[in-house]
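To start, the structure under review is shown below, and the notes come after it.
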Amino acid sequence: MKKSVYSICGMCTVRCPIRVETEDNKVTWIEGNQHLLGGALCAKGSAGTALVADTERPQQPLIREGGRGAGRWQKVSWPTAYDYIAEKMKKIKKEHGPESVVLSSRGGPWQSMYKTFIHAYGSPNYTDHDNTCGRNTHHASLSLNGVGRTGFIYDIKNAKHLILFGRNMFASLRIAENLQTMDMLEKGGRLTYVDVRQSMTGLKATRFFQVRPGTDYALALGMIHEIIRKEAFDGEFIDKYVTGFDELCYFIEQYTPAWAAKECGIKEKAIKAFVEEVIEDRPKVIFHPGWNLSRYKDSFYASRALHILNVLMGNIERKGGLLIPKGPGDCGVKGIRNLDCPKPDIKRADGVGWKYKHFDKGPGLAHLFFDAMRTEDPYPVKAWIAMRHDPFCAMPDPQRQKLLFDQCDLLVSIDTHYSEFGWYCDVILPESTYLERDNPICVQKGLKPRLAVRRKAVEPEFDTKPAWEIFKQLATRLDLDEYFPYNTIEDLWKWQLEPTGYTMEDFEEKGFVSLTDEPVMYDAANLENQFGTPSGKIEILSKKLDDAGLPSLKEYASPIKPAKGMFRLVFGRSAVHSHGHTINNPLLSELMPENSLWINTRAAKKLGINKGDLVDVTAEDGSYGGTVHANVTDFIHPEAVYTVHGFGRQIPLQNRAYHAGLSDQKLMVGKLDDWDQAGGAINLCESFVVVRRSVRNPKRRVEL
Amino acid sequence: MNKYMIYLNKKRCIGCHGCEVHCKTNKNLPVGPYLCEISHDPLVSVKGVPKTEFVFRSCYHCDDPFCVPICPTSAMIKRPDGIVYIDQEKCVGCMACAGACPWTIPQLNPETRKAVKCDYCMDRVDAGMKPACVTKCTTHALKFVTLVEV
Ligand code: SF4
Ligand code: SF4
Ligand code: SF4
Ligand code: SF4
Numbered sequence: 001m002k003k004s005v006y007s008i009c010g011m012c013t014v015r016c017p018i019r020v021e022t023e024d025n026k027v028t029w030i031e032g033n034q035h036l037l038g039g040a041l042c043a044k045g046s047a048g049t050a051l052v053a054d055t056e057r058p059q060q061p062l063i064r065e066g067g068r069g070a071g072r073w074q075k076v077s078w079p080t081a082y083d084y085i086a087e088k089m090k091k092i093k094k095e096h097g098p099e100s101v102v103l104s105s106r107g108g109p110w111q112s113m114y115k116t117f118i119h120a121y122g123s124p125n126y127t128d129h130d131n132t133c134g135r136n137t138h139h140a141s142l143s144l145n146g147v148g149r150t151g152f153i154y155d156i157k158n159a160k161h162l163i164l165f166g167r168n169m170f171a172s173l174r175i176a177e178n179l180q181t182m183d184m185l186e187k188g189g190r191l192t193y194v195d196v197r198q199s200m201t202g203l204k205a206t207r208f209f210q211v212r213p214g215t216d217y218a219l220a221l222g223m224i225h226e227i228i229r230k231e232a233f234d235g236e237f238i239d240k241y242v243t244g245f246d247e248l249c250y251f252i253e254q255y256t257p258a259w260a261a262k263e264c265g266i267k268e269k270a271i272k273a274f275v276e277e278v279i280e281d282r283p284k285v286i287f288h289p290g291w292n293l294s295r296y297k298d299s300f301y302a303s304r305a306l307h308i309l310n311v312l313m314g315n316i317e318r319k320g321g322l323l324i325p326k327g328p329g330d331c332g333v334k335g336i337r338n339l340d341c342p343k344p345d346i347k348r349a350d351g352v353g354w355k356y357k358h359f360d361k362g363p364g365l366a367h368l369f370f371d372a373m374r375t376e377d378p379y380p381v382k383a384w385i386a387m388r389h390d391p392f393c394a395m396p397d398p399q400r401q402k403l404l405f406d407q408c409d410l411l412v413s414i415d416t417h418y419s420e421f422g423w424y425c426d427v428i429l430p431e432s433t434y435l436e437r438d439n440p441i442c443v444q445k446g447l448k449p450r451l452a453v454r455r456k457a458v459e460p461e462f463d464t465k466p467a468w469e470i471f472k473q474l475a476t477r478l479d480l481d482e483y484f485p486y487n488t489i490e491d492l493w494k495w496q497l498e499p500t501g502y503t504m505e506d507f508e509e510k511g512f513v514s515l516t517d518e519p520v521m522y523d524a525a526n527l528e529n530q531f532g533t534p535s536g537k538i539e540i541l542s543k544k545l546d547d548a549g550l551p552s553l554k555e556y557a558s559p560i561k562p563a564k565g566m567f568r569l570v571f572g573r574s575a576v577h578s579h580g581h582t583i584n585n586p587l588l589s590e591l592m593p594e595n596s597l598w599i600n601t602r603a604a605k606k607l608g609i610n611k612g613d614l615v616d617v618t619a620e621d622g623s624y625g626g627t628v629h630a631n632v633t634d635f636i637h638p639e640a641v642y643t644v645h646g647f648g649r650q651i652p653l654q655n656r657a658y659h660a661g662l663s664d665q666k667l668m669v670g671k672l673d674d675w676d677q678a679g680g681a682i683n684l685c686e687s688f689v690v691v692r693r694s695v696r697n698p699k700r701r702v703e704l
Numbered sequence: 001m002n003k004y005m006i007y008l009n010k011k012r013c014i015g016c017h018g019c020e021v022h023c024k025t026n027k028n029l030p031v032g033p034y035l036c037e038i039s040h041d042p043l044v045s046v047k048g049v050p051k052t053e054f055v056f057r058s059c060y061h062c063d064d065p066f067c068v069p070i071c072p073t074s075a076m077i078k079r080p081d082g083i084v085y086i087d088q089e090k091c092v093g094c095m096a097c098a099g100a101c102p103w104t105i106p107q108l109n110p111e112t113r114k115a116v117k118c119d120y121c122m123d124r125v126d127a128g129m130k131p132a133c134v135t136k137c138t139t140h141a142l143k144f145v146t147l148v149e150v
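Taken in sequence, the protein lines are chains A and B. Counting from 1, one number per residue, gives the positions in the first sequence under my numbering. Counting from 1, one number per residue, gives the positions in the second sequence under my numbering.
Printed below as a string of structure tokens:
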């Protein structure tokens, strides 16, 4: 039988809207939702069919038999697995208190379910992966604008100039945004791209700054200086909505374009020419404040500087600028219900909210739980449930993490595939893939907010379960049923939709429910109350940072140069993989089976490395290394080497991914504690590696 | 005369290789054969910006295709609208077509042991739709063009 269902892609966490066709419970076609994306989908999106068919994923619940990480599993039934976890959780609660259990997820629209579960159980310790992703950007925006990272959307399609600092958007795809950018460029818009290397995004740029690694902040400061000197800012906007501008002017005096050019290794002339362009294009200029800026020691301040540049443009809530996302309330509609349980009034084990008061208490910071594990201060951490989060792939130094996780009595991984962390866990609960499961309804804020839902396209291939069922079952066993008022997904949807007046039928036509016909904009001349800072204005000088003893305008400090024979390790993404999730996907591994090491031509020459040679890449202390092919290119800074994140996996059951390529996070030995005290994120680009021409380059080979 | 062609707007293409996977999944192809390919030359600096252009290649659906007459079972067929396709029923997988094609376009499907190549998704086209690669191109860079005689 043929069927067609609208749903939401799950190959990466962008969650593009899709339509799926099936025949006799097999997926035959996936396309981007015609109403929103005109059919467009990326390689990963199409490869969803291969994910469903992939037998190299957990096919039923598994309980560890041998030592952690030994890879010996007992196949068990779901009730057995649930009982096992529930018993352990009850025991831990009795012995150490409920707060000793941490639950981490990948954030996103469905986190209320996971949060509800852990809060209802009695622990305040919900966390997510954002400490290795957008936390610096989030906290930067929060400190300045009083709204977080998702507090703005970028009206790229109507912009005249988009400036990207390392935001490699044509590799870290978000299809709707990619289409907007292409349309903007086609209309003659400008794209300025800043990175330590040329990327797929930079290829489309009208201006390219190849900067020394770790100097983004310097360039942003130089830009601010020049814009202020040329009085190319929106004075009216600043008078009305911004505090601390005079202090900024005083602070920025020293950071001239000439200085910035020298620091970044670019031309002063180019910075000035860039500012001339900005003057022409203002206010339709967007400085993208960054996405994954868990990178350099001053990335938080770089992101703040990028936000300040937007403020100077006066582009907030103006066409071609930064727009405030609207929700159901803005459309005169009641919002949906979500599962909820108030956070228990207990100190978080990661210190966020009491030791570190300037961070967002929502998900806290995952890496700060390790200290609690080690010291049992403020209390012991005895269990970790990872919901589609892979700490070993996301955070540095998994070897060190293992030692710390060994303090825990229970480690659980809930995921569609074997994660590196899952392989070390006590229990793996295999979640059904996104094509085989339903998810709760979610609100997608925007100029035209909508309700969206992921719907199952096919029945599960193996004995896997959707998250809504997994959490319901665990909750029942832990006597937390009241927080999960449903038995079927239909019950849950109905309960969610009740206040809105919509029904599931309203999703049939287009796959979503639009809450407005016309885009909702606020009056740009009347933005009071839009900024959630203490003063209600955009605060260039943040009281929160001040109270934490941190500067709002931080003096620039030059990044250290790598020692001889060493390079700064820089990581990124490609358009065909979503970090570690997709490396073993048959169709995607066919396209990109392993990563390579980008190295500058001159630097390679000094080391006798030629294009295509195998190179040994080793951690500073030599405890981890890998061998990959060298991509020798002029278009990377000589201080840096670059690789695509997610490879170097060590799960024997993942035949294609096993030991394929190099793992950047395993090279970051000793870097678990290297984090940004102001922005909260881990500094993932502060590691140095040794690169040598590999002895494995074939010279002779005999067969005996 | 060929009625159709696929055109790549190089300004929009981002080299994401989506089209290759869109094609494979539509034809249910295993790891191995791919019916279209995105490639690019090494980067060169143009006015300070390292640039390159992407090239999309599938089958050329030649006016006078070498692959058709060489096929011993007449499985390779050129339609009146120009589409060159393989009748999977008749194909014996001898791969003579691949040898005859100047670009070795036909490939072996290891699962069916028969030759496969781009057929401009003729089942979709005949049903009034566009080819898979065009329909789902990430940035709408690919266009399916119907040529008209003037
Ligand atoms: S970018 Fe690609 S993988 Fe990510 S949600 Fe969209 S279609 Fe899916
Ligand atoms: S899917 Fe489109 S943008 Fe991506 S490589 Fe193919 S033609 Fe280019
Ligand atoms: S397979 Fe080769 S010879 Fe045959 S039509 Fe295509 S390009 Fe021409
Ligand atoms: S037209 Fe169809 S068969 Fe040909 S390359 Fe595109 S998707 Fe593949």
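Quick reminder that beta carbons are idealized off the backbone N, C-alpha and C, glycines included.
| Asked | Found |
| --- | --- |
| Run the CB neighbour count on S46 (chain A), radius 10 Å, all protein chains shown included, and call it buried at 16 or more, exposed below. | buried |
| Identify each residue in the stretch 262-294 of chain A for which the Cβ-Cβ distance to at least one residue of chain B is less than 8 Å, and report them in chain order. | A270 |
| Does ligand 1 have even one heavy atom less than 6 Å from the beta-carbon of K44 (chain A)? | yes |
| Evaluate M373 (chain A) with the Cβ neighbour count: other Cβ atoms within 10 Å of its Cβ, from every protein chain shown; 16 or more gives buried, anything less gives exposed. | buried |
| For C393 (chain A) and chain B, any beta-carbon pair shorter than 7 Å? | no |
| For a test of your reading of the model: does the CB of I175 (chain A) fall under 6 Å from any non-hydrogen atom of ligand 1? Yes or no. | yes |
| So what's P430 (chain A) in DSSP terms, helix, strand or just coil? | strand |
| Given 6 Å as the limit, tell me if V84 (chain B) has its C-beta closer than that to any heavy atom belonging to ligand 3. | yes |
| Any heavy atom of ligand 4 closer than 6 Å to the Cβ of S39 (chain B)? | no |
| For the stretch 282-340 of chain A, which segments carrying the beta strand (DSSP E) assignment without a break, of at least 3 residues, lie completely within its bounds, in sequence order? | 285-288 |
| Using 6 Å as the cut-off, classify the Cβ of C101 (chain B) as near or not near the heavy atoms of ligand 5, replying yes or no. | As far as ligands go, the structure on display features ligand 1, ligand 2, ligand 3 and ligand 4 and does not contain ligand 5. |
| Compare the Cα-Cα distances from A640 (chain A) to each of A:G648, A:H659, A:L662, A:V689 and report the closest residue. | A:V689 |
| Who are the Cβ neighbours of G48 (chain A) in its own chain at under 6 Å, not counting the five residues just before and after it? | M11, I30, L435 |
| Where the beta carbon is closer than 6 Å to any heavy atom of ligand 2, which residues qualify, in chain order? | B:L8, B:C13, B:I14, B:G15, B:C16, B:H17, B:G18, B:C19, B:I38, B:F54, B:F56, B:C137, B:T138, B:T139, B:A141, B:L142 |
| Counting pairs of Cβ atoms below 8 Å between the stretch 629-638 of chain A and the stretch 323-330 of chain A, do you hit three or more? | no |
| Could you compute how far the alpha carbon of F274 (chain A) sits from the alpha carbon of V615 (chain A)? | 38 Å |
| Drop a sphere of 10 angstroms on the beta-carbon of N292 (chain A), count the other beta-carbons inside from all chains shown, and report buried for 16 or more, exposed for fewer. | buried |
| Does the beta carbon of L43 (chain B) sit closer than 7 Å to a beta carbon anywhere in chain A? | yes |
| Does the Cβ of A557 (chain A) have 16 or more other Cβ atoms within 10 Å, making it buried, or fewer, making it exposed? | exposed |
| Do the CB positions of S294 (chain A) and R573 (chain A) come within less than 7 Å of each other? | no |
| Any contact of the stretch 151-158 of chain A with the stretch 377-385 of chain A, i.e. 3+ C-beta pairs under 8 Å? | no |
| Does DSSP put E709 (chain A) in a helix, in a strand, or in coil? | Nothing can be reported for residue 709 (chain A): it is not among the residues displayed for chain A, which extend from 1 to 704. |
| How would you list, in chain order, the residues of chain A whose beta-carbon sits under 8 Å from the beta-carbon of T112 (chain B)? | Here the premise fails: no neighbours, minimum Cβ distance about 17 Å. |
| Examine ligand 1 and report whether any of its heavy atoms sits within less than 6 Å of the Cβ of C16 (chain A). | yes |
| Skipping 5 residues on each side, what residues in its chain have a beta carbon closer than 8 Å to that of M592 (chain A)? | S574, V576, H577, V644 |
| How about D409 (chain A) and K382 (chain A): are their beta carbons less than 7 Å apart? | yes |
| Judging by CA-CA distance, which residue of A:R696, A:A678, A:V702, A:N145 is the nearest neighbour of R135 (chain A)? | A:A678 |
| Helix, strand or coil: how does DSSP classify F507 (chain A) here? | helix |
| Mapping the DSSP letters down to three states, classify S112 (chain A) as helix, strand or coil. | helix |
| Can you list the residues of chain B that A81 (chain A) reaches, using a CB-CB cut of under 7 Å? | The contacting residues do not exist; A81 (chain A) stays about 32 Å from chain B at best. |
| Select from B:M122, B:T52, B:F56 the residue whose C-alpha is nearest the C-alpha of Q198 (chain A). | B:T52 |
| Taking V705 (chain A) as the reference, give the member of A:L309, A:E263, A:G265 with the closest Cα. | There is simply no residue 705 (chain A) to check, as chain A begins at 1 and stops at 704 in what is shown. |
| In the structure shown, what three-state DSSP assignment does M184 (chain A) receive? | helix |
| Between the Cα of E469 (chain A) and the Cα atoms of A:K544, A:W78, A:T137, A:A525, which residue gives the shortest distance? | A:W78 |
| With DSSP as the reference, label T256 (chain A) as helix, strand or coil. | coil |
| Look at the Cβ atom of V285 (chain A), then the Cβ atom of M313 (chain A), and state whether they are nearer than 7 Å. | yes |
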